[in-house]
Amino acid sequence: MTGRRTVMVDTQLRHRERTRQESRARGTMAIWRWARWAALFLAVGWALNSVVKLVEGAQGRELWWPLLSTVIWAAVTVHGFATYRRIRTRTLPALTRRTAA
Numbered sequence: 325m326t327g328r329r330t331v332m333v334d335t336q337l338r339h340r341e342r343t344r345q346e347s348r349a350r351g352t353m354a355i356w357r358w359a360r361w362a363a364l365f366l367a368v369g370w371a372l373n374s375v376v377k378l379v380e381g382a383q384g385r386e387l388w389w390p391l392l393s394t395v396i397w398a399a400v401t402v403h404g405f406a407t408y409r410r411i412r413t414r415t416l417p418a419l420t421r422r423t424a425a
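Just so we're aligned, residue 325 is where the sequence shown starts under our numbering, counting upward by one.
Structure (structure tokens):
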């Protein structure tokens, strides 16, 4: 009888852990759903800022921050889109045992 009870408790624990992982994945996906677009907007904004400063005749010293910010926000954008896609296509289907949407 204890063997059966152990299997039942293990199954409940695995289900509870899978539910936690699914909640965490859905939360991360919800954050990246809008944050990736915000990061893209900021990357484009900093890039345009750099172009405007170049057109106005800015020198290298004045351009280091806009250029660095463009690179940073572009990296965050790429990470956001990749993370969102990975969760949507691999993580959630593996946790829910359903096909990717």
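C-beta: ideal position from N, C-alpha, C; glycine also.
Please classify residue i as buried or exposed, where buried requires at least 16 other C-beta atoms within 10 Å of its C-beta.
i, result
"residue 325", "Confidence in residue 325 is poor, its pLDDT being 49 and thus under 50, which makes the residue's placement too unreliable to answer from."
"residue 411", "buried"
"residue 384", "exposed"
"residue 363", "buried"
Can you grab the Cα-Cα spacing for the pair residue i / residue j, in whole Å?
i, j, result
"residue 380", "residue 372", "12 Å"
"residue 396", "residue 367", "8 Å"
"residue 338", "residue 417", "16 Å"
"residue 343", "residue 350", "10 Å"
"residue 387", "residue 393", "10 Å"
"residue 365", "residue 398", "9 Å"
"residue 420", "residue 355", "20 Å"
Ignoring anything shorter than 3 residues or poking outside the stretch 341-375, list the beta strand (DSSP E) runs there in chain order.
-> none
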